[in-house]
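The structure appears below as structure tokens.
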């Protein structure tokens, strides 16, 4: 059984620029509708300094989503831990858990962009960001469990998800006894090894993460529009990834090549399929790993409200029952 969630980055590129206030209001409307349709979870993300206004404060938005929904789990995928003091994260996350009535899923990660670290005067932590993120997870857990922060979260033990993508990171998440925020099945083995090595029960293993894709009743009809927004979204990621490093930005992506590669949690792959075809591929891909939730972007970089609404409805009403 696999649950389905939606992922929000609120990118608003100049080519398709919307009124900012309307974009945020519409996003909350979408969250309400997804919640009504039974979506398992709603996830927010974080970057800083993108010219398209990429979401910068995921827990702030998570609190707003919590106030507008009743059932969906609310996660950060991820908030960049080394940019904030662990006590700040522990307190802010606890407030989201309180507002939501115990629906928080706290995902933390390292980030990778020098300009973001320098913006927060944390440039000295970039080289040691993995250790800093491990330490943050331990401290957040300690602050919650010892009652050091007040008010406490509703959940007795809120999940902490580590947004580590490679095998070393997967093992680190296991050693900490926390959940692993990736939908890459290849990370299950090092994650489980880490759990055992850390003295944790492998039965507690939990994985979840993003799958790049667009699920629609008519893939061929939608592809000309989807491919344009997909290219803009990932060209932006690639351009900002090298900012401040002196490296040349990579070539523009080829959406048709991404689509041809099909399903994978890795960039460079894109699942563009009907709900039935997508469900078959997802079930085979996840197989017997501890991956319990996959999510998809609700919108690809500036899509129209009609397209976003249709996609979220398809994810919740058509795909989710098929993979459950």
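In the numbering used here, the protein residues as written are -19 to 304.
Yeah, the Cβ is synthetic: ideal placement off N, Cα and C, and Gly gets one too.
Note that the structure is a prediction, hence the values are computed from the model and not measured.
Near residue i, which residues of its chain fall below 6 Å by C-beta distance, leaving aside the five closest residues on each side in sequence?
i, result
"residue -9", "32, 34 and 281"
"residue 235", "207, 210 and 211"
"residue 96", "28"
"residue 112", "62 and 105"
"residue 163", "189, 191, 245, 271 and 274"
"residue 156", "117"
"residue 66", "116, 119 and 120"
Give the range of the alpha helix (DSSP H) segment to which residue i is assigned.
i, result
"residue 125", "109 to 125"
"residue 214", "199 to 221"
"residue 39", "38 to 48"
"residue 174", "168 to 177"
"residue 335", "What is shown of the chain runs -19 to 304, which leaves residue 335 out entirely."
"residue 302", "300 to 303"
"residue 296", "First-last for residue 296: undefined, no H or E at that position."
"residue 7", "0 to 16"
State the Cα-Cα distance for the pair residue i and residue j, rounded to the nearest angstrom.
i, j, result
"residue 146", "residue 90", "12 Å"
"residue 27", "residue 297", "30 Å"
"residue 106", "residue 224", "13 Å"
"residue 265", "residue 258", "10 Å"
"residue 229", "residue 215", "9 Å"
"residue 184", "residue -3", "44 Å"
"residue 152", "residue 171", "7 Å"
"residue 166", "residue 191", "14 Å"
"residue 127", "residue 42", "23 Å"
"residue 78", "residue 271", "27 Å"
"residue 277", "residue 86", "18 Å"
"residue 109", "residue 200", "42 Å"
"residue 269", "residue 148", "18 Å"
"residue 260", "residue 10", "26 Å"
"residue 102", "residue 68", "15 Å"
"residue -7", "residue 137", "39 Å"
"residue 288", "residue 17", "14 Å"
"residue 46", "residue 222", "34 Å"
"residue 304", "residue 226", "46 Å"
"residue 205", "residue 44", "30 Å"
Counting C-beta neighbours from all protein chains within 10 Å, is the total for residue i 16 or more, i.e. buried, or is it exposed?
i, result
"residue 114", "buried"
"residue 252", "buried"
"residue -11", "buried"
"residue 141", "buried"
"residue 232", "exposed"
"residue 24", "buried"
"residue 83", "buried"
"residue 56", "buried"
"residue 1", "exposed"
"residue -19", "exposed"
"residue 174", "buried"
"residue 267", "exposed"
"residue 5", "exposed"
"residue 263", "exposed"
Within a Cβ cutoff of 7 Å, which residues of the same chain sit near residue i, ignoring the five residues on either side of it in sequence?
i, result
"residue 51", "15"
"residue 70", "120, 123, 124 and 129"
"residue 12", "48 and 49"
"residue 219", "229"
"residue 248", "238 and 241"
"residue 99", "28 and 29"
Which residues share a DSSP beta bridge with residue i?
i, result
"residue 332", "Lying outside -19 to 304, the shown extent of the chain, residue 332 is not represented and no answer is given."
"residue -16", "274"
"residue 233", "BP columns for residue 233 are empty, so no partner."
"residue 22", "-14 and 54"
"residue 160", "142 and 187"
"residue 87", "141"
"residue 194", "252"
"residue 60", "89"
Less than 8 Å between C-beta atoms, sequence neighbours within five positions excluded: which residues of the same chain meet that for residue i?
i, result
"residue 176", "154 and 182"
"residue 250", "192, 193, 194, 210, 235, 238, 239, 241 and 242"
"residue 37", "26"
"residue 255", "195, 197, 294, 298, 299 and 302"
"residue 19", "-16, -15, -14, 52, 292, 295, 296 and 300"
"residue 30", "-9, 216 and 220"
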